[in-house]
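A.B. asks:
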Amino acid sequence: MIDCPEAVRRMWAYLDHALARGATEEFETHLDACQRCCGELEFSRHLKELAATSGAESVPDPLRRRIEMLLGGGGTGTDPGTPHD
Amino acid sequence: MIATVMDAQNQPDADGDVDEPGRAFADVAREQLDGLYGYCVRLTSDRTQAEDLVQDTLLRAMRAYPGLRDETKVKSWLFTIATNVWRDLGRARGRTPATVSLDDAVREDDFSLFATLAIEDPFPYSDELHLDFLRLFRDEDVQHVFAQINPVFRAPLILATIHGFSCKEAAAILDVPLGTLLSRLHRGRKQLERGLWDYALRNGLVKVGDEP
Ligand SMILES: [Zn+2]
Chain A
161 MIDCPEAVRR
171 MWAYLDHALA
181 RGATEEFETH
191 LDACQRCCGE
201 LEFSRHLKEL
211 AATSGAESVP
221 DPLRRRIEML
231 LGGGGTGTDP
241 GTPHD
Chain B
9 MIATVMDAQN
19 QPDADGDVDE
29 PGRAFADVAR
39 EQLDGLYGYC
49 VRLTSDRTQA
59 EDLVQDTLLR
69 AMRAYPGLRD
79 ETKVKSWLFT
89 IATNVWRDLG
99 RARGRTPATV
109 SLDDAVREDD
119 FSLFATLAIE
129 DPFPYSDELH
139 LDFLRLFRDE
149 DVQHVFAQIN
159 PVFRAPLILA
169 TIHGFSCKEA
179 AAILDVPLGT
189 LLSRLHRGRK
199 QLERGLWDYA
209 LRNGLVKVGD
219 EP
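Pasting the structure below:
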């Protein structure tokens with residue numbers, strides 16, 4: 161049985177579905193018996209959500225225009241997406 | 009390496025093993041632009057630098073695109089190029105790779121935001137104290153905290169948490185072994201937790217018992 165510090169260490173990986181099966185089972189067994197870690201898991205979920213949604217900005221128009229120039233052939237002489245014979 | 013890429017560009021179908029010509033690079037670039045820009049902003053923590061990084065990344069990608077075999081991997085391919093360009097730009101500016109002392113590592117690993125909130129109890133009358141704490145943060149506050157995280161640990165956090173890459177994919181993008189990625193990701197999370205708490209104290213978002 162893993163202890164609380166070990167459970168906490170696995171928590172974000174668990175939320176990412178990045179734990180191996182054995183490690184996941186140990187973690188879930190711990191959760192069944194530990195209210196404290198259930199609370200922290202819930203908190204981790206919200207914390208990740210906060211991090212994930214922060215700073216979602218759209219591309220500024222001047223940059224978009226620069227990119228369009230570049231894609232339109234301003235960057236190189238050839239269109240690399242089309243094979244030439 | 010560059011020469012190989014240029015050769016590929018001049019003779020895109022010379023070996024004849026590409027069944028379909030695939031989509032034009034411009035379409036791919038337009039589709040990925042928002043995500044790529046978001047990655048670059050968070051990686052550099054600076055909008056001007058991010059714009060240059062996006063542009064340099066797309067220039068490099070445009071040249072290398074004919075060599076891309078698996079189009080389903082185009083997102084991680086672009087993010088890999090962005091990561092490499094970012095590294096090169098840092099080197100060109102004479103910045104040495106960020107390092108962290110062992111003492112800091114131990115300090116961070118011990119820190120738990122969840123436990124700290126329970127102990128310091130900044131909202132004595134709340135029954136949702138942990139959520140109330142997170143609700144204090146506006147978007148720009150979170151971005152500020154993010155920017156303070158050591159870039160070595162920030163990059164895995166951005167890739168896995170924000171852009172939804174698996175740890176294996178993030179390791180490949182950053183060109184580190186999976187074990188290294190996992191430990192950096194953990195450190196990044198700890199720096200985020202400590203960063204949020206320190207930011208809240210410093211900016212008066214919370215007041216705890218002994219603070220003047
Ligand atoms: Zn526990």
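Going down the list, the sequences are from chains A and B. Note that the numbering used here has the first sequence beginning at 161, numbered continuously upward. Note that the numbering used here has the second sequence beginning at 9, numbered continuously upward. Glycine is no exception: its CB is placed at the ideal position from the N, C-alpha and C atoms.
Return the CA-CA distance between V150(B) and E39(B), expressed in angstroms with no decimal places.
C.D. replies: For the purposes of this step, residue 150(B) is taken as the residue at position 142 of the second sequence. For the purposes of this step, residue 39(B) is taken as the residue at position 31 of the second sequence. Looking at the two C-alpha atoms, the distance is approximately 27 Å.
A.B. asks: Excluding sequence positions up to five away, which residues of its chain have a Cβ less than 8 Å from the Cβ of I181(B)?
C.D. replies: Reading the second sequence from its first residue, position 173 is the one you call residue 181(B). The answer, listed in chain order, is S84, F87, T88, T91, L167 and F173.
A.B. asks: Looking only at its chain, what residues have a beta carbon closer than 8 Å to the beta carbon of L200(B), apart from the 5 residues adjacent to it on each side?
C.D. replies: Working through the second sequence from its first residue, we reach residue 200(B) at position 192. Answer for L200(B): V153, F154, I157 and L165, listed in chain order.
A.B. asks: For ligand 1, is there any heavy atom lying closer than 8 Å to the beta carbon of A123(B)?
C.D. replies: Against the second sequence, residue 123(B) aligns to sequence position 115. A123(B) Cβ: outside cutoff for every heavy atom of ligand 1.
A.B. asks: For H177(A), name the three-state secondary structure that DSSP assigns.
C.D. replies: If you number the first sequence from 1, residue 177(A) lands on position 17. Correct three-state label for H177(A): coil.
A.B. asks: Is the CB of P37(B) under 9 Å away from at least one CB in chain A?
C.D. replies: Position 29 of the second sequence, counted from the first residue, corresponds to residue 37(B). Residue identity differs from the one stated: residue 37(B) is Ala in this sequence, not Pro. Yes, its Cβ sits closer than 9 Å to a Cβ of chain A.
A.B. asks: CA-CA distance, R77(B) and A180(A)?
C.D. replies: Reading the second sequence from its first residue, position 69 is the one you call residue 77(B). Reading the first sequence from its first residue, position 20 is the one you call residue 180(A). Going from the Cα of R77(B) to the Cα of A180(A) covers about 30 Å.
A.B. asks: Using only alpha-carbon positions, find the residue among L121(B), R50(B) and L67(B) that is nearest to L221(B).
C.D. replies: Residue 221(B) falls outside the range modelled here, since chain B spans only 9 to 220, and no answer is possible.
A.B. asks: Please determine, among R197(B), R71(B) and L209(B), the residue with the shortest C-alpha to C-alpha distance to R205(A).
C.D. replies: Taking the first sequence and counting its residues from 1, the one referred to as residue 205(A) is at position 45. Considering only alpha carbons, the answer is R197(B).
A.B. asks: Starting from G43(B), trace the alpha helix (DSSP H) in both directions and tell me its first and last residue.
C.D. replies: Sequence index remark: in the second sequence, residue 43(B) carries index 35 (1-based). F33 to T52 is the extent of the alpha helix (DSSP H) around G43(B).
A.B. asks: Shorter than 8 Å, the distance from the beta carbon of D247(A) to the closest heavy atom of ligand 1, or not?
C.D. replies: Coverage of chain A is limited to positions 161 through 245, which leaves residue 247(A) absent and any answer about it impossible.
A.B. asks: Does the beta-carbon of R202(B) have 16 or more other beta-carbons within 10 angstroms, so that it is buried, or is it exposed?
C.D. replies: Reading the second sequence from its first residue, position 194 is the one you call residue 202(B). Looking at its Cβ environment, which holds 16 or more other Cβ atoms inside 10 Å, R202(B) is buried.
A.B. asks: Could you check what DSSP says for D78(B) in three-state terms: helix, strand or coil?
C.D. replies: Along the second sequence, read from residue 1 onward, the residue named residue 78(B) stands at position 70. Looking at D78(B) - three-state DSSP - the assignment turns out to be coil, as it is neither helix nor strand.
A.B. asks: Quick check on the DSSP output: the alpha helix (DSSP H) that includes V160(B) runs from which residue to which?
C.D. replies: If you number the second sequence from 1, residue 160(B) lands on position 152. Element bounds for V160(B): P159 to L165.
A.B. asks: Classify P185(B) as buried or exposed, calling it buried when 16 or more other Cβ atoms lie within 10 Å of its own Cβ.
C.D. replies: Residue 185(B) sits at position 177 when you count from the first residue of the second sequence. It counts as exposed.
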